[in-house]
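Below: one structure, written as structure tokens.
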Amino acid sequence: MKKQTILSLSVAAALVISGGLAIAQSAGSGVSSLRGSSVADLDQPLNLYQQDEGRFARAYRQQPPLIPHGIDNYQIDTNANRCLACHDWTNAAERHAPTLSMTHYQDRDGNQMDRISGTRWFCTQCHVPQANAPELVENIFNPSSGN
Ligand code: HEC
Ligand code: HEC
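What follows is the structure, encoded as structure tokens:
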């Protein structure tokens, strides 16, 4: 009697488990991952947008020009600024790089200085590397001279 109960219990358990598996399997084929691929398939890597060669035109007159080269290993912190090794007026000609414009040597009171202004120290606040990538949010901006 005791044995029979255990047996029927385990049969019932097996039925529940196999039923559960069947449900899980049918759900699995219909569920897609956050990246849109089926969970059963190999994950697709995201599109990577490489740096575009050549300079992009500015989209509007006052735009900080986009950076036409990689900046991966260029350190910028409170003590060091690698960008200045090429772009400061003292090095630019030798490095064949465009010199920082004069606005970068003007302090907040409008004084012209020989050293870069503290307000322009962290270049990547304003300048970003360029890539021909789709916009992250829809953008219908038109420069004033564009229309
Ligand atoms: C090894 C030298 C070197 C370093 C370091 C360097 N640049 Fe440049 N950069 C150049 C050269 C050369 C060009 C011009 C490239 C061209 O015309 O295609 C340039 C172009 C640019 C331009 C485009 C200017 C324009 O008028 O279109 C920007 C902006 C810029 N760099 C920002 C930066 C920033 C920010 C850093 C640091 C994160 C940096 N660069 C570090 C050499 C350098
Ligand atoms: C507060 C924003 C800001 C910061 C910070 C900044 N820039 Fe700029 N940069 C601009 C703007 C805006 C322009 C275009 C108008 C102008 O020349 O002032 C520009 C122009 C330039 C140009 C083009 C100059 C020319 O005459 O074609 C270069 C090169 C450049 N920046 C490099 C740098 C580097 C390197 C740093 C960091 C040391 C830096 N900028 C920091 C806003 C900024």
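Those letters in the sequence shown? Residues -24 to -1, 1 to 123, by mature numbering (1 follows the signal peptide of the UniProt record, and there is no 0).
In this text, a Cβ means the ideal position worked out from N, Cα and C, and glycines have one as well.
Given the structure is predicted, the values throughout are model-derived calculations rather than measurements.
For threonine 79, the CB contacts under 8 Å within the same chain, skipping 5 residues up- and downstream, are Arg96 in chain order. Residue ranges of uninterrupted alpha helix (DSSP H) with 4 or more members, entirely inside the segment 55 to 90 and ordered along the chain, are 60 to 63, 68 to 71. Counting C-beta pairs with one atom in each stretch, the segment 49 to 62 and the segment 109 to 120 have fewer than three that are closer than 8 Å, which means they do not touch. Contact annotation: leucine 18 and glutamine 106 have beta-carbon atoms that are not nearer than 9 Å.
The secondary-structure analysis by DSSP pairs serine 8 across a beta bridge with Ser14. By the beta-carbon neighbour count (other beta carbons within 10 angstroms, threshold 16), histidine 63 is buried. Taking each of His103, Pro44, Ala16 in turn and checking the Cα distance to glutamine 26, the smallest one comes out for Pro44. The three-state reading of DSSP puts glutamine 39 in coil, since its state is none of H, G, I, E or B.
Each of Gly30, Arg31, Pro40, Pro41, Leu42, Ile43, Pro44, His45, Ile47, Tyr50, Ile52, Arg58, Cys59, Ala61, Cys62, His63, Arg71, His72, Ala73, Pro74, Cys99, Thr100, His103 has a C-beta closer than 7 Å to some heavy atom of ligand 1; these make up the full list, in chain order. Ranked by Cα distance from serine 77, the first of Asp28, Arg84, Ala68 is Ala68. Distances from the CA of tyrosine 50 to each of Cys99, Ala33, Ala35, Tyr36 were compared; the closest alpha carbon is that of Cys99.
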